[in-house]
Structures are given as C-alpha cells and as structure tokens.
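Asker: Everything in the sequence shown is counted per this note's numbering, starting at 60 for the first residue and increasing by one. Here a beta-carbon is modelled for each residue, glycine too, at the ideal position from N, C-alpha and C. What follows is a single structure, and I will ask about it in a moment.
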Amino acid sequence: MAKEPCTYCDKLFTEGHPMDTHEAICPQKDRWMEEAQVRALEQERDERVAAAAAREAAAQREAEEQAMAMQPQRPPTPPQRFRESDGRPIRPIRRPARWLEAFPEPPPPAPPAEQAPVPDPDPDPGPDVQPPPRRWVVTKPNSFGKSIADLCRTSELAEDAPQPTTPWYHPFANTTHALIMEYELLIPKSTAGTNTFLDFMRDPAGDFRQADIGSFKPEHGFSLLDKLAETPPGAPKEGWNTGSVVLRVPPGRPSKRPILEIPITGILFRRPVDIVREAFTTATFERLHTTPSSMRAGPIPSPGQPCPYDAADIELDETGLPALPPLHQELHGEMYHARRTLKQFNELPGCEEEPVIVSLMPFSDGTHLAQFGTAAMQPGYLFLGNQSKYDRAKPSMNTVFHMVYFPKLPDNIGELYLAHYGQRMLDKLPAFLKRELFHLVWELLLDDDFVDAWRHGLLLEKCWDALRRRLFLRISTYGMDYMEKILAATIQFLAKRPCPRCLILKSDIPLTGTVHDLERRKNLRENTQTWRSNVAIARRKIFTKGAAVSGDEVMKNLGKNSFVPNTNAFTRLNDPNSETEHNLFEMFVPDLLHEVELGVFKSVFIHLIRVLYALDKTKVVEFDARFRQVPSFGRMTIRRFSGNVSEMKKLAARDFEDILQCLLPVCEGLFGDLDGLVQTLVFRFQVWHASAKLRLHTTASIERFRKQTKDLCASIRKFARDTESLDTAELPREQAARARKAAADATRRTAKGKKTTTRATPNTTSRQPKRLNLETYKFHCLPDYPDAIRELGTTDSYSTSLSELVHGGLKKMYGKTNRRNFEKQIATQETRLRFMRRIIAQRTRLAPEKKKAALGNESVEHEPEQKRLKLTRQARLRETLRKRTALRRYISARRHHYISDSTRKYLRLSDLPDSRGAEEHVSDWMDDNDDDITLL
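Following this line, the structure appears as structure tokens:
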C-alpha cells in the first residue's frame, strides 16, 4: 500500500488512521501553521497594494480624460485643395510664419454641473473643522504659464448699468442740436472733421434733421451745458470750485510791523473726492479695476501635478499673497498689479462694503500757452491708476481730470511788500512764498472730506453698476520735474542733500552705481515728528522774531537734511491712530522724460559734441552730415534729422530719444582714441533706455536691468574721467546763452540801483572751460528705476509724458479765450467738453439698440424716395467683396504678412449686415476668394 508524506514534515505514513494520528501530534505542526499565517497576511497586503495602485491609475486616467474633454475641440484639418495654374509661379508649399503666432486664449470651459450633496449618515455631526476660505484666488494659467493671483474681495453679483431715464441728447431739444454742439466742441476743425459733419447731414437715416435746426446757435448750447454744472445744494459738485487762501509774507528781518497778509482769490480747483465720485458713478467706471492683482508666470503644470499655490501652509508675503514659488516670475506693468497697491489693499481695515483702493496719480507741470508772449499756466492733472496705462496714454480716451490751476505770486507783491514794511524784498523771499502758495493750494485739495476718505474710506451707495463700495484714496505717485519735486517735498534746490527720496550727499553722487552708493541710497527720507517739529520751530522764528527764511538761526536743524521752513500740506494725511506714519516722500517717482531724455542723456550728448570740438571742429560737420543721412522709420517713430543736430535748436524730449536710438553708427570713427569708450557708452545707454521703456517687466528682466544700470553708470563715470584731460569748452550756443544771461542780470541790477560793471555782450564774452558734471540729481536717479518698476510698474504708467500730452488740449482751449482772465474761461470750456463727451458716449452706448430696432422695423414700402435709390447694405457688401480679377500680386510664402499700399478700396465695418442672410453672402465670398484673402 502506497505511503504519503506528512503535511507538516517529510515522514511517510500509510493513508488512513496512522496518517491522521501523526498529523494530530506532529511536532512541526505549530511552526508550519505560523508560516502559513504569515504567508496569508503578506498575500492579503500585496492584494491591497495592487488594488490601490489600480484605483490610482484609474483615477489618473479619468483625470486625463476630463482634462482632454475640458480643452476646446479643434476643428478638423480641411483637405488640401489643388487648383490649376493661374499665372503665378509654382512655389513650394510651406507653413506661413503668421500661422505660428500665438492666438488669443479660448474661453474657459463651462464648470461641471454641481452634484447633489450626499446626506450625512451621522445624525449628530461634530463641529466643522474646515479651514476658513482664503482671501486670494489663483487663476488657471494660460498656454504661456501666465496666471493672476487676485485678492478675493470683489462682489460676486453685479447688476447691469442703469438705463437712462432721459434721451441721450439731454439737455438739448433734439438730436440735431446735439450733433451741432458735437461738431463745435469735439470734432477737430479740419477737412476730415468737416467731412464727418457732412456725413451726418447727408445720412437720411441718421439723427440730423435740417428742420430741427430752427434758431439754434452754439451760444444756446453753451448755456445748456453750463447749467448742467450747477448742482443743487448738498449734491456732489461736478463743476469747478473757486477758492481763496491768505499768503502771509514775513519781513525777513526784525520789524515792528504786523505780518503782511495778501489774499489770493479766484483759485480754480476740483476736489479730488468729487472727481473720484464722478469716475465711479459714470460710464468711466466700466474701464476701472476695483480689485488689485498680481500677474505671474511660471512653468505649465502637467496633468495631475499639484499646483504650488494649493499647499495648506503656504507662506504669504507683505502684500497678503503667496510668496513667489521657484521658477515663477512676477510680471510688472499696470498700477493695479503694482506691489504698492497690493500692500495698501492688504492693510485696509475690515468693512461691510467692497473695499476699493483708488490709486490717485496727480501730475503738475508748467506750460506756455502761446507762441509769443508770457501767457503760462501750471495746471494740476489727475489720473486714476485703476485704469489701464494704455488708456491713460491716449489723449483721445479722455482719461485725465483737470484738478487745479495753480496760481502765481501776484505781480505787485514787491510793491505791497515795500509799502507795508518800507524796505525792498529780500532775494530769498520769493522762493519761500512760492512754496507757501503751492502748499496752501494743496491744503484746499486735501480737505477734511479727503482726509476722511483716506482714513475711513468714501462710501458710495450706488456705483455705476448699482453696487455699494467704500473707496480708500491713496496718492500712489506724483509726476513732476525736479523743480516742482523740491517744491512739493519742501527741500532746497541742489543743496547738500538734493534728492527728495533719500538723504544722499551731493558730493557722493558722482559715485552713482557703485556698491557703496547702493548702500547709501537706502537711507530714505521719512515723515517724522522730529522733522515736523523743527519746521514749526523755524516758522515761529520767522513770523514772530523776524528771522531770515534762509538764515543760520532757521536752518540750524533743517539744513542738515536740506529741508526748508515750509509746512508740507501732505502731512495732513498722517493718521494719529496709526502706528506708522504716511511717508509722503515715496510718491516722488523717477521721471524718464525730464531726468533721462532731457537730463542725463542730454548732458552726455552735449559733452560728446564738446569733445568733437576739442578734437577737431571739422568732425562736427561730419557728425551733422551723418545724422542727415539717417532715414526715417515708421510712422513718426524716427523722424528725419533735417537740421544740424549739433546745434540742438528747439529739440524736444522725443528728438533726444531719436538721437539716442540713432547715435551708435553716427559716432563710429569720429573720436579717435576715445572711439571704443564712446561706442561702449552709447551702446549701454541704448540698451538701458530700451529696458527702461519696456511696457512689461518680469522678475528676471528687472535683475538684468539692474546689471545694465551698473554698467551704464560705470561707463558714464569712465567717460567723465577720461575726458578731463581734453580742453573741452562751452559750445557756441552755451556761450551765447551765458552772455545773454549776464546782460540780463546787469540790466536788472542797474534797474535796482546797484552799481555794475561794463555790460557783457555775446560778442565779447569768451568761451569758458566745461567738464561733464556728475553732481546732479538726475544722474543720481538712474539706479532708482529698477526698484520703482518693481514697486509701481513700468515707467510708461507714471511718466510725465502723460501730462505733456494733455498740454495740447489746454493750449487749444486757450486759443478760444480773449486772453483776459483766461484761467476761468479754460475751466468753463473744460466743463463743457466733459459734459459733451458724456452725452456723446451715451449716444454711442445706445446706438446698437437703435440699429437693431431699425433693422427689425425696416420696410421698403415706407422708405423715403432718396433711401430707395441707395444701395442696400447687403448690396454694398456684395459690391465691395466682389472678386475683380483672377490675377493678384505675387506674395512669397516666406513673408510674414502683406499689407497693401492702396487705400482706394476699403470696407466699412458698418456695412456688414446684422440681419439674417448675412452669413450666406460672406460664405459665398469666402468660397470664391479662399486663396486670395489678405488680412489687413
């Protein structure tokens, strides 16, 4: 009989009772059972791991399938079409370069449907342990990895803009009168403007009716517009205010006479609070940003990869947003993306309404109003940083608000001083009084309502979108040139510490760009109680003891930091309940136009010409000849240099910008041993200028910009050192200007009764030695640009070129005055223009609804005879799109695009029909002209 081995050991037994008896008492049984249990546990664990891996793989496949489903479906590639030769040469088929461009992002897919919540089986759930919602959200990155980190405080529901209860042409009697006033105020008086008005008159379906003219005259329209500015008592004023201040004139020396007080009346201004209220309650609000955000770019995450912003313990920076993850960059451009705006928003107190940071960007700059004469003004403009810089850069967008027209010192102030004190006014006193008047006017603007809106917010019950908001006013930047910066900062002109932002010494400015300089400029000016107390003490000495405004007794404490004894109006914005003081010196930002193009580069360019005169005067002739050979570029981008550039006759900032961009090939070979240095200097200046003018900066580009700034400063310092040995002297224009100034000074001294030497004339004055001066505030500002861009956005957002463009409209309004008391007449014209633009904007908004209603009620039987004779819109479209000939201009596929030079045939967008049947006409034309389409 066969024997079988034991289950637990290797012994053999006969099957039956012997085997059963042995297995019951086998000594290996316990060990075998333990090993079997271990093997079973391991198998169970392996099965769980395999099941979890299978579930994870299935979830990943499902996520990828959902991601693929969320992406917009691309249309199928059409089959390649072949045609017979039509006379053009055979060319290889290749993908045109224009197809490789980045197209706009498609709209995001619709969110998935919300599923019904699963009921909780636990009848007594515990407390909710979910973390509170974050104050910020991160948008999904686009194809370039660009996303927006947005502070999530905005309203979720917004209503449509309120519908007007009056016709769009209100307050005029009919549409014809409104169109006449539009032509009078808004349409330029030119051939094109006249043609526009004639088109209004000829259009039988338009708003112009000859029978409605009646006895209407522009004077009647002016009267109606002026009445709009008359607001009832208690209502926000939309017109101009007339204010007055009292200018206290100290004697400047001990005197027993009381302080002379001169009333300055007729100051025209608009309160910033009223301007902000107007912007948020009119159609301007549609282009404003109410919530700041940080625009960032980073690597595009792959499907299933966690977002770096989803971490539960993510670190927040001083702006209240997540810190920048590795390999990510912050994009700097707009004011509502600026770090300063984000910091201000993060520091706002809690409130029930939606809080909004209103970034005020005032500009003030004097301008001459006439080609001949002394008519001039110092207007104060106001831009809102909540609006895109691309809108603010276009005067046609009308984004600027006229805020104040700063008055001048009275012409007879010297006579009033002499009559009151019995002595002639001291020379340093007019500068003191000019600063006093400037800050007295700003105290009118920074009234109690402004201070309350600064600290507690301006409550608007109903904005343009019918929502309730609380607006916190903040002065982000103040654009002005250096002469007005020292006026607003209350510091001395080019004194021991000339910078309005930091406390650097004037003697240290030639070392700009060095390591020690970058450390010294970190010592910033601050709005401290000590400074304000020293100013108050100095003013008591001036007005009670008759101390000189610039004497040692007054400047003992103020002179250490180059301050002056004038009370700064912006110190009113200090909040006594706040732990930190408002640092008013932060609003003085670098200005590319006045400080670089008309500052550092102009001085370097002038010294280059001095070097040419010192080397060989004939090289100056070659220098001018080369500039005349430079062709123009683009549409008013690079203008042709017609005159002698070395003479610099009536050159504006844009001309110096063109000179800088074209200077490198012109200078080649003209400077002998210095040619290499000059080439390096010009090249670095061009690279730096291009970086400073970029309209979008990244974290990496700002670091490159810092390196370029150090290189440029080093080149300028080396250029100044290496040209010291040359016999550089004044240019002929500098010599003539100095001689004229000396003659004017001599005449003025003679008129005051002082003895003078022989009168200097331009013919007898010799040329004086001249070196490149680096002890200037403008050269000191160069390293401030990278920090300003990181903090406030790119320079095109706050450059004074914005205010310079507004001056053109001011000069046009001056041309319509009678030259007497023209400030008030200009303010009246500005009010009329503002209301007229609002009326025409209302007409533009209602035009689509009117056109839709006209198309729905169109009937041929009821049309007038002259309209039936005209081609219908569809007929005009068909005539315009009709293919004229089979042969077209040969265009190589290598060309990026082709733009026709001919303007004889054009297509108006208004000719495209909106009614049914438009698609079939366009589709037929596309089928017939598929191979001949040129995008213009």
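Using 8 Å as the cut-off, can you tell me whether the segment 361-376 makes contact with the segment 447-464, which would need three or more C-beta pairs spanning the two stretches below that distance?
Answerer: No, the segment 361-376 does not touch the segment 447-464.
Asker: State the beta-bridge partners of Cys561 as determined by DSSP.
Answerer: Leu583
Asker: Can the beta-carbon of Arg336 be found less than 9 Å from the beta-carbon of Val415?
Answerer: no
Asker: Put Asp70 into one of helix, strand or coil per three-state DSSP.
Answerer: Just to set this straight, residue 70 is Lys in the shown sequence, not Asp. Reduced to three states, the DSSP call for Lys70 is coil.
Asker: Does Val97 come out as helix, strand or coil in the three-state DSSP assignment?
Answerer: Val97: helix per DSSP, three-state reduction.
Asker: Answer with buried or exposed for Arg849, where buried requires no fewer than 16 other C-beta atoms within 10 angstroms of its C-beta.
Answerer: buried
Asker: Pick helix, strand or coil for Met484, following the three-state DSSP scheme.
Answerer: coil
Asker: From Gly605 to Pro309, what distance separates their C-alpha atoms?
Answerer: Computed Cα separation, rounded: 7 Å.
Asker: Comparing alpha-carbon positions, which option in Val608, Pro466, Lys769 lies nearest Asp576?
Answerer: Lys769
Asker: Assuming Asp634 and Arg514 form a contact by the criterion Cβ under 8 Å, report the distance between their Cβ atoms to the nearest whole angstrom.
Answerer: About 5 Å separates the two Cβ atoms, so the contact holds.
Asker: Please report the distance separating the alpha-carbon of Arg776 from that of Ala712.
Answerer: 23 Å
Asker: Mind checking Thr835: buried by the 16 CB within 10 Å criterion, or exposed?
Answerer: buried
Asker: Pick out the complete alpha helix (DSSP H) segments inside the segment 391-428, 4 residues or longer, and give them in chain order.
Answerer: Within the segment 391-428, the runs of alpha helix (DSSP H) that reach at least 4 residues and sit entirely inside it are, in chain order, 398-405.
Asker: In terms of residues, what are the limits of the alpha helix (DSSP H) holding Tyr242?
Answerer: Per DSSP, Tyr242 is one residue of the alpha helix (DSSP H) stretching across 234-244.
Asker: What does the alpha-carbon distance come out to for the pair Pro86 and Glu94?
Answerer: Here the C-alpha atom of Pro86 lies approximately 14 Å from the C-alpha atom of Glu94.
Asker: Where does the unbroken alpha helix (DSSP H) through Ile326 begin, and where does it stop?
Answerer: Per DSSP, Ile326 belongs to no alpha helix (DSSP H); it is in the beta strand (DSSP E), 319-328.
Asker: How big is the Cα-Cα spacing for Gln827 and Glu706?
Answerer: 18 Å
Asker: For Tyr464, write down the residues that DSSP places opposite it in a beta bridge.
Answerer: Pro438
Asker: Just to confirm, is the Cβ distance from Ile534 to Leu657 under 9 Å?
Answerer: no
Asker: Using a Cβ-Cβ cut-off of 6 Å (strictly less than) and excluding sequence neighbours within five positions of Arg598, which residues of its own chain qualify?
Answerer: Pro624
Asker: With the cut-off set at 9 Å, would you say Ser774 and Phe764 are in Cβ contact?
Answerer: no
Asker: Quick check on Ser352: does DSSP put it in helix, strand or coil?
Answerer: Reduced to three states, the DSSP call for Ser352 is strand.
Asker: Can we say the segment 348-356 touches the segment 111-125, given the rule of at least three CB pairs closer than 8 Å?
Answerer: no
Asker: Does the beta carbon of Asp734 come closer than 9 Å to any beta carbon on chain B?
Answerer: You won't find chain B in this structure, because it holds only one protein chain.
Asker: Straight-line CA distance for Leu517 to Asp511?
Answerer: 7 Å
Asker: Helix, strand or coil: how does DSSP classify Ala788 here?
Answerer: Looking at Ala788 - three-state DSSP - the assignment turns out to be strand.
Asker: For Lys509, I'd like the list of residues in its chain whose CB is within less than 8 Å of its CB, leaving aside the five on either flank, ordered along the chain.
Answerer: First, the amino acid is wrong: residue 509 is Phe here, not Lys. Arg330, Pro331, Val332, Leu532.
Asker: In its own chain, which residues sit with a C-beta less than 8 Å from the C-beta of Val663, not counting the 5 before and 5 after it?
Answerer: Leu740, Phe744, Ile775, Phe778, Leu831
Asker: How big is the Cα-Cα spacing for Pro277 and Leu244?
Answerer: 10 Å
Asker: Three-state secondary structure (DSSP) at Val623?
Answerer: Note: Val623 maps to coil in three-state DSSP.
Asker: My output table needs one value for Gln430: the three-state DSSP class, helix, strand or coil.
Answerer: coil
Asker: If contacts are defined as beta-carbon pairs under 8 Å, then Leu723 and Phe742 qualify, I think. What distance do you get, rounded to the angstrom?
Answerer: 6 Å
Asker: If contacts are defined as beta-carbon pairs under 8 Å, then Leu347 and Leu443 qualify, I think. What distance do you get, rounded to the angstrom?
Answerer: Going by Cβ atoms, the distance from Leu347 to Leu443 rounds to 7 Å, so yes, they are a contact pair.
Asker: Starting from the Cα of Pro247, find the closest Cα among Asp372, Lys871, Arg891, Gln888 and give me that residue.
Answerer: For Pro247, the nearest C-alpha among the options comes from Lys871.
Asker: To the nearest angstrom, report how far apart Cys65 and Met92 are at their CA atoms.
Answerer: 14 Å
Asker: My output table needs one value for Phe647: the three-state DSSP class, helix, strand or coil.
Answerer: Taken through DSSP and simplified to helix, strand or coil, Phe647 comes out as strand.
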